[in-house]
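Report on the structure given below.
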Amino acid sequence: MEVALAADPDVVRWTMYPAGLDEAGARARIADLRERVERRQAGRYVVTGPDGAAAGTAGIVAGRRGAPEVFYALLPAARGRGLATAAATLLTRWATGAGHELLLLMTLLGNVASEAVAHRAGYVRATVEEVVDPDGAVVRLRRWEHRRIVPVP
Numbered sequence: 255m256e257v258a259l260a261a262d263p264d265v266v267r268w269t270m271y272p273a274g275l276d277e278a279g280a281r282a283r284i285a286d287l288r289e290r291v292e293r294r295q296a297g298r299y300v301v302t303g304p305d306g307a308a309a310g311t312a313g314i315v316a317g318r319r320g321a322p323e324v325f326y327a328l329l330p331a332a333r334g335r336g337l338a339t340a341a342a343t344l345l346t347r348w349a350t351g352a353g354h355e356l357l358l359l360m361t362l363l364g365n366v367a368s369e370a371v372a373h374r375a376g377y378v379r380a381t382v383e384e385v386v387d388p389d390g391a392v393v394r395l396r397r398w399e400h401r402r403i404v405p406v407p
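Residue 336 in our numbering sits at position 82 of the sequence shown, with consecutive numbering throughout.
Listed below in structure tokens is the structure:
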């Protein structure tokens, strides 16, 4: 899945996936993720379609911005079917159920499809941030926020 996602030009353009990832690079990414999971800093899952076929990945990481961040990436054939929205919504419900009051979802500016996913998953636009991508380029990210509604006693 890592190699397939990194081979897709849209995934590379709109996420932080490195272009042209080979099997060794994919294994290194998975090993890094496994360490983060063991430290309880991340969780990542395979997204499947109704037919059970792998469609992409989605997960949640202990964000550097002070709140957990939801993320996703889908293969081309899986897009436009509601899978990213479903994955983001499920991860958001799990995290708010676990007590997190604020969750984040970051999109590269101009990624209209991902912005629609964020909106449908219950996130609202917040700020724009500049970060350095894996290739050293400065990119602009839209910060989306989801706040848990806490009942007033």
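Idealized CB from N, CA, C, for every residue including glycine.
Bear in mind that the values here come from a model prediction, so they are computed numbers and not experimental data.
In the three-state scheme derived from DSSP, where H, G and I count as helix and E and B as strand, ALA308 is classed as strand. Contact check for GLU323 against LEU359 passes: the beta carbons are separated by less than 8 Å. In this structure the stretch 256-272 does not lie against the stretch 291-304, because fewer than three pairs of beta carbons, one per stretch, are closer than 8 Å. Shown here, THR339 sits in a helix according to DSSP, grouped into three states. Residue burial annotation: ILE314 is buried, with at least 16 other C-beta atoms found within 10 angstroms of its C-beta. Here THR361 carries a strand assignment [DSSP, helix/strand/coil].
In this structure the stretch 380-392 does not lie against the stretch 330-344, because fewer than three pairs of beta carbons, one per stretch, are closer than 8 Å. DSSP, reduced to helix, strand and coil, places GLU289 within a helical segment of the structure shown. Going by beta carbons, VAL257 and ALA280 fall inside the 8 Å limit. With 16 or more other Cβ atoms inside 10 Å of its own Cβ, GLY310 counts as buried.
ARG347 and GLY317 have their C-alpha atoms some 17 Å from each other.
With a contact defined as Cβ atoms closer than 8 Å, ARG401 and LEU356 qualify at about 6 Å.
By the beta-carbon neighbour count (other beta carbons within 10 angstroms, threshold 16), ALA327 is buried.
Separation of GLU289 and TYR271 (C-alpha to C-alpha, rounded to the nearest whole angstrom) is 18 Å.
In the DSSP annotation of this structure, the continuous segment of the alpha helix (DSSP H) that includes PRO263 starts and ends at 263-268.
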